[in-house]
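K.L.:
Protein chains: 2
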Amino acid sequence: MSLPERRFLRACRRQSVDRTPVWFMRQAGRYMEEYRALRKRYSILQLAKTPELACEVTLQPARAMPVDAGILFADILLPLEPMGARLRFAPAPVIDNPVRRAADVRRLKDFDVEEGLGCVFSAARLASRALAPRPLIGFAGAPFTLASYLIEGGPSKDFARTKTFMHEQPAAWDLLMRKLRRVTADYLAGQVRAGAQAVQLFDSWIGALSPSQYRRFVLPHSRFVLTAARKTGVPVIHFGTGTAGFLEDFASAGGDVIGVDWRVELSQAWRRVGARGIQGNLDPALLLAPRRELKKAVQDVLRQAAGRRGFIFNLGHGLLPQTPVSSVKAVVEWVHEYSR
Amino acid sequence: MSLPERRFLRACRRQSVDRTPVWFMRQAGRYMEEYRALRKRYSILQLAKTPELACEVTLQPARAMPVDAGILFADILLPLEPMGARLRFAPAPVIDNPVRRAADVRRLKDFDVEEGLGCVFSAARLASRALAPRPLIGFAGAPFTLASYLIEGGPSKDFARTKTFMHEQPAAWDLLMRKLRRVTADYLAGQVRAGAQAVQLFDSWIGALSPSQYRRFVLPHSRFVLTAARKTGVPVIHFGTGTAGFLEDFASAGGDVIGVDWRVELSQAWRRVGARGIQGNLDPALLLAPRRELKKAVQDVLRQAAGRRGFIFNLGHGLLPQTPVSSVKAVVEWVHEYSR
Chain H
3 MSLPERRFLR
13 ACRRQSVDRT
23 PVWFMRQAGR
33 YMEEYRALRK
43 RYSILQLAKT
53 PELACEVTLQ
63 PARAMPVDAG
73 ILFADILLPL
83 EPMGARLRFA
93 PAPVIDNPVR
103 RAADVRRLKD
113 FDVEEGLGCV
123 FSAARLASRA
133 LAPRPLIGFA
143 GAPFTLASYL
153 IEGGPSKDFA
163 RTKTFMHEQP
173 AAWDLLMRKL
183 RRVTADYLAG
193 QVRAGAQAVQ
203 LFDSWIGALS
213 PSQYRRFVLP
223 HSRFVLTAAR
233 KTGVPVIHFG
243 TGTAGFLEDF
253 ASAGGDVIGV
263 DWRVELSQAW
273 RRVGARGIQG
283 NLDPALLLAP
293 RRELKKAVQD
303 VLRQAAGRRG
313 FIFNLGHGLL
323 PQTPVSSVKA
333 VVEWVHEYSR
Chain P
3 MSLPERRFLR
13 ACRRQSVDRT
23 PVWFMRQAGR
33 YMEEYRALRK
43 RYSILQLAKT
53 PELACEVTLQ
63 PARAMPVDAG
73 ILFADILLPL
83 EPMGARLRFA
93 PAPVIDNPVR
103 RAADVRRLKD
113 FDVEEGLGCV
123 FSAARLASRA
133 LAPRPLIGFA
143 GAPFTLASYL
153 IEGGPSKDFA
163 RTKTFMHEQP
173 AAWDLLMRKL
183 RRVTADYLAG
193 QVRAGAQAVQ
203 LFDSWIGALS
213 PSQYRRFVLP
223 HSRFVLTAAR
233 KTGVPVIHFG
243 TGTAGFLEDF
253 ASAGGDVIGV
263 DWRVELSQAW
273 RRVGARGIQG
283 NLDPALLLAP
293 RRELKKAVQD
303 VLRQAAGRRG
313 FIFNLGHGLL
323 PQTPVSSVKA
333 VVEWVHEYSR
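In the order they appear, the protein sequences are chains H and P. Going by the numbering used here, the first sequence opens with residue 3, and the numbers climb by one from there. Going by the numbering used here, the second sequence opens with residue 3, and the numbers climb by one from there.
Here's what the structure looks like:
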């Protein structure tokens with residue numbers, strides 16, 4: 003028999019569950035009053051780097067509602083700082099010394115994650131204990147998404163600099179991705195040592211690429227990280243948005259569970275990724291819709307996953323800051339109720 | 003035998019061609035020095051609304067290189083002004099009186115396109131004559147993309163307001179889409195009367211939606227426009243980005259030719275859209291890459307289209323402003339050379 007607190011991990015391993023597990027990307031964040039209250043006193047980086055505060059933020063949604071897992075509060079860009087990036091939030095992330103040439107790549111530091119990211123591991127230790135028996139999910143940005151921030155110096159609409167870098171300086175790109183994949187693998191392993199019972203690799207902007215760009219410039223590096231993460235023994239979720247055009251390739255890089263966005267139909271996703279778990283894929287904008295519409299959409303996601311092992315209910319991307327907390331709570335309730 | 007100047011229209015009709023036709027979205031635009039010189043003296047709206055200037059801009063790329071069609075210089079938001087939207091460019095488009103409630107939708111004016119958009123038709127008359135024997139492509143924004151600008155008041159990252167509007171006020175959404183589809187159909191018909199020999203419907207932001215949102219909130223309205231456009235007798239291109247997750251649905255709305263972006267593999271696109279022409283799908287960022295990489299990418303697109311009737315070479319979205327003119331010219335040359 004499956005205990006409620008095991009639901010999430012059992013689903014990751016495609017074992018039977020009593021209910022569909024549910025958690026939300028960005029479940030710790032701006033839509034919660036408790037989070038906004040902390041943000042009045044601390045910057046994002048202060049919250050993320052102070053273990054007690056990061057632990058507190060991680061726990062906020064878990065206290066407010068019966069989500070089946072917590073995700074460590076951190077930012078995907080944290081590992082770039084000890085590599086040498088000057089990171090600030092204004093409020094979107096800005097890197098003041100972007101990577102533009104091979105010399106910039108060579109200058110990126112190799113560092114010991116226990117030293118450079120020890121604060122995150124401390125937060126994970128605190129949060130995993132406080133969350134128990136519910137599991138803590140650790141996470142990291144995938145090499146492509148991290149590289150795009152380093153090269154663009156912030157978010158981008160067309161990723162023109164990143165793509166130009168790939169095509170113009172393939173050797174420097176390869177070196178950059180190798181540096182990032184090693185840091186990322188070590189970073190995830192450290193989070194597992196600190197108590198994370200699953201990890202998710204976020205390739206948030208991978209949908210900017212064509213299938214052939216993905217295969218050539220990204221896949222081997224994501225595979226490196228996912229293979230290393232798997233060796234830690236915990237389940238690995240591989241998430242990306244905009245992957246509808248190359249979902250088979252994306253899945254082939256690895257991951258026990260593939261995270262998909264709302265742009266791909268779940269029934270199609272199951273067919274395309276093969277014997278894996280699937281996580282997703284409600285459009286976050288639906289949590290701003292009237293309750294009736296939201297409920298129908300939740301039921302529709304559950305219907306597409308019905309009878310399949312290895313399904314984890316989530317959104318297709320992070321919760322929007324303007325989301326009402328009551329809608330988030332309602333989704334948790336419905337997922338548990340309708341998946342009985 | 004197929005004359006070079008008939009290539010584009012023959013490909014639209016899936017007839018044999020001597021070479022693969024090629025044109026570029028935003029081929030009239032900022033990457034050209036001639037265009038930037040005019041923009042120093044005139045705003046975008048002045049250029050688009052002054053027939054002689056719009057004609058001149060339309061001709062600039064056709065003079066500079068042997069593209070197989072010209073596309074009328076205009077902006078997809080022009081029809082919103084006579085409907086009552088206060089439109090300006092800063093430099094991204096801003097609508098100062100966005101549509102937020104049903105009353106705002108009701109207030110949108112029905113207008114006679116010959117009156118409200120006569121300047122565009124005059125430009126089309128001048129440009130179609132000046133371009134001949136090469137064909138002029140007319141175009142319009144699709145109802146969803148226009149609605150998203152009206153509701154968001156400009157470009158958007160997550161289209162949260164637009165989606166919330168759909169879900170919260172489905173009757174107002176329906177009325178909005180009906181108003182937009184009628185204007186759009188009339189606008190395209192007017193361009194054909196003025197000499198456009200093909201038309202393209204741009205659903206640039208449709209990739210924000212899920213397949214089910216597309217089917218329910220957009221497809222019937224796009225179908226209305228595409229069906230009306232088809233009755234004008236000229237070939238119709240139906241373009242969208244981010245359609246990899248629902249390409250079958252997108253194609254089922256209509257279009258003799260389906261325009262796809264680089265996120266979907268052409269070989270997949272052929273299989274999924276059935277007996278249609280395909281237009282696409284080079285990543286515009288590749289025109290910033292070294293010549294060697296660009297050439298390989300052009301050859302790869304042509305290889306995926308080899309042996310198929312009804313292929314039109316284009317990008318997956320518009321030319322980026324920082325694109326070197328020499329790269330654009332090289333692509334035209336290679337497409338003609340390698341498709342012989």
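Built from N, CA and C at the ideal position, the CB exists for glycine as well. Nothing here was measured: the structure is a model prediction, and the numbers come from that model.
1) Check distances from the C-beta atoms of the stretch 164-175 of chain H to those of chain P and list, in chain order, the residues that come in under 9 Å.
2) Could you please tell me which residues of the stretch 265-282 of chain P, in chain order, have their CB closer than 7 Å to any CB of chain H?
3) Decide if N2(P) is buried, meaning its Cβ has at least 16 other Cβ atoms within 10 Å, or exposed.
4) Look at the alpha carbon of P6(P) and the alpha carbon of E339(P), and state the distance between them as a whole number of angstroms.
5) Please name the residue, chosen from E267(H), V194(H), G247(H) and G257(H), that lies closest to R265(P) on a Cα-to-Cα basis.
6) Would you kindly check if the distance between the Cβ of A200(H) and the Cβ of A307(H) is under 9 Å?
7) Quick one: what does DSSP say A253(H) is sitting in, helix, strand or coil?
8) Can we say the stretch 75-83 of chain H touches the stretch 139-158 of chain H, given the rule of at least three CB pairs closer than 8 Å?
9) Could you check how far apart the C-beta atoms of R16(P) and G279(P) are, in whole angstroms? I think they sit under 8 Å.
10) Scan the stretch 117-160 of chain H and note each continuous beta strand (DSSP E) run of 3 residues or more that stays entirely inside, going in chain order.
11) Exposed or buried, which one is E58(H) when buried takes at least 16 other CB atoms within 10 Å?
12) Work out the CA separation of R102(H) and E154(H) for me, nearest whole Å.
13) Could you give the first and the last residue of the continuous alpha helix (DSSP H) run that contains G192(P)?
14) Can you find a CB in chain P that lies within less than 9 Å of the CB of Q324(H)?
15) Determine whether the beta carbon atoms of P137(P) and F10(P) lie at a separation below 9 Å.
16) For V24(P), I'd like the list of residues in its chain whose CB is within less than 8 Å of its CB, leaving aside the five on either flank, ordered along the chain.
17) Are the beta-carbon atoms of A142(P) and F204(P) separated by less than 9 Å?
18) Just the Cα atoms here: how many angstroms apart are L322(H) and I260(H)?
19) What span of residues does the beta strand (DSSP E) with Q62(P) cover, start to end?
20) Does the separation of the CB atoms of A230(P) and A187(P) fall below 9 Å?
21) Report the three-state DSSP secondary structure of F315(P) (helix, strand or coil).
22) To the nearest whole angstrom, what separates the beta carbons of R273(P) and E250(P), a pair I think is in contact under 8 Å?
23) Indicate whether F91(P) and L47(P) have their beta-carbon atoms separated by less than 9 Å.
24) Is the beta carbon of G320(P) closer than 9 Å to that of P292(P)?
25) Within 10 angstroms of the Cβ of S206(H), are there 16 or more other Cβ atoms? Answer buried if so, exposed if not.
26) What did DSSP end up calling L296(H) once you bin it into helix, strand or coil?
27) In whole angstroms, what is the alpha-carbon distance linking L89(H) and E36(H)?
28) Does the beta carbon of L89(P) come closer than 9 Å to any beta carbon on chain H?
29) Do A104(H) and G197(H) have their C-beta atoms closer together than 9 Å?
30) Under 9 Å, Cβ to Cβ, is there at least one residue of chain H near D285(P)?
31) Below 7 Å CB to CB, which residues in the same chain sit around K297(H) once its five sequence neighbours on both sides are set aside?
32) Could you tell me the boundaries of the beta strand (DSSP E) in which R103(H) lies?
33) Which residues share a DSSP beta bridge with N283(P)?
34) Going by the CB atoms, is the gap between E267(P) and S214(H) shorter than 9 Å?
35) Mind checking which residues open and close the beta strand (DSSP E) that includes Q202(H)?
36) Measure the CB-CB distance between D112(P) and R184(P) and report whether it falls below 9 Å.
P.N.:
According to the data block:
1) T164, K165, T166, M168, H169, E170 and P172
2) R265, V266 and E267
3) In the structure as shown, chain P begins at 3 and stops at 342. Residue 2(P) is therefore absent and cannot be evaluated.
4) 13 Å
5) G247(H)
6) no
7) helix
8) yes
9) 6 Å
10) 138-143
11) buried
12) 9 Å
13) P172 to R195
14) yes
15) yes
16) V69, D70, I314, F315, N316, V333, V334, V337 and H338
17) yes
18) 22 Å
19) Taken as a continuous stretch (DSSP letters only), Q62(P) belongs to no beta strand (DSSP E), being part of the alpha helix (DSSP H) at P53 to A66.
20) yes
21) strand
22) Not quite, the Cβ-Cβ distance comes to about 10 Å (not below 8 Å), so this is no contact.
23) yes
24) no
25) buried
26) helix
27) 25 Å
28) no
29) no
30) yes
31) W336
32) Segment: none, R103(H) is in no beta strand (DSSP E) and carries neither H nor E.
33) N316(P)
34) yes
35) A200 to D205
36) yes
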